[in-house]
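Take a look at the structure below.
Residue numbers (the working numbering), protein chains in the order written: chain D, 1 to 199; chain L, 1001 to 1123.
The following block contains the structure:
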């Protein structure tokens, strides 16, 4: 029989409020790039464990442990891909904050039960949990007020160079924003879409 | 006086007091983060070498001759000869993921799940 998992209703607006509260509590200095690694270790008290081959063998960047005490991360991402590393941490913090109940309910009694759970987890529900953690990660790493200010600043600077084509201006601004917040350009594009700024 | 801590717990607490995450601490002092993580979590033993312990104590900014300095060496000595911590099934399950996304959004095969369990057991 297929496993039934209830996904809690958490839309973008709800997650935005949770993310704001999270930042207020854990990063009152309100600077960027948000020091997600420090927040994970010092504020949340989680161990960050580098695991060799997680990406290469399993196609996974990282995961939160079922007892919510550690985040395991692919060693090469940990060592040399800062944007990806930061996003993975923020994504797993999303699960830590948003999906406590799932972790609590399903704390497995044996490895066999864990395997069964993973194999039977319904795909559609799974995608919703992932979407929620993804939204949370973008919101905490790229806070709206900073994004808005930096976007306007970069656009002014780029236009001052004589570049007029709007698409080129936006592409160049996204590149610079990704550096400001130490995330990928894809994350910036998604945040701009959230804010209804056309990319 | 601090008591009842393991060497790894004590190490981690003092490392965090330096204001550095594990990654930054290891980068700054040219240490292997995977091994240091294992030591902090008690998976591997403290080093036996007096010289290496002294080096670590200094990196942790422990004052030579202070209570913490001696406690650091006492905790290391107390664990000498301890067998590496063998994770029991409960510990392994606690480390396993509940939600994990493969980059290509595919489920892991049974074989891969077994390999993942093995990797976690060894780390």
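Virtual Cβ for every residue (Gly too), placed ideally from N, Cα, C.
Under a three-way DSSP split, which group does residue 141 of chain D fall into?
-> helix
So, does the CB of residue 1113 of chain L fall closer than 9 angstroms to a CB anywhere in chain D?
-> yes
Going by alpha carbons, who is nearest to residue 1102 of chain L out of D/58, D/99, D/190?
-> D/58
What span of residues does the alpha helix (DSSP H) with residue 97 of chain D cover, start to end?
-> 82-98
Give the single residue among D/185, D/83, D/163, D/16 whose Cα lies nearest to the Cα of residue 97 of chain D.
-> D/16
If we count Cβ pairs, one from each stretch, closer than 8 angstroms, do we get three or more for the stretch 151-164 of chain D versus the stretch 113-124 of chain D?
-> no
Starting from residue 108 of chain D and walking both ways along the alpha helix (DSSP H), at which residues does that stretch end?
-> No alpha helix (DSSP H) holds residue 108 of chain D; DSSP gives it neither H nor E.
Can you pull the chain L residues whose beta carbon is under 9 angstroms from the beta carbon of residue 31 of chain D, in chain order?
-> Correct list: empty, because the minimum Cβ distance to chain L is about 16 angstroms.
When the cut-off is 9 angstroms and only beta carbons count, does residue 28 of chain D lie next to chain L?
-> no
Cα-Cα separation, residue 1037 of chain L to residue 48 of chain D = 8 angstroms
Hey, residue 1033 of chain L and residue 50 of chain D are a contact pair by Cβ (cut 8 angstroms); roughly how many whole angstroms apart?
-> 5 angstroms
Proximal residues to residue 68 of chain D (C-beta, below 7 angstroms), its chain only, five neighbours per side dropped | 96, 103
Relative to the C-alpha of residue 25 of chain D, which residue among D/12, D/77, D/140 is closest?
-> D/140
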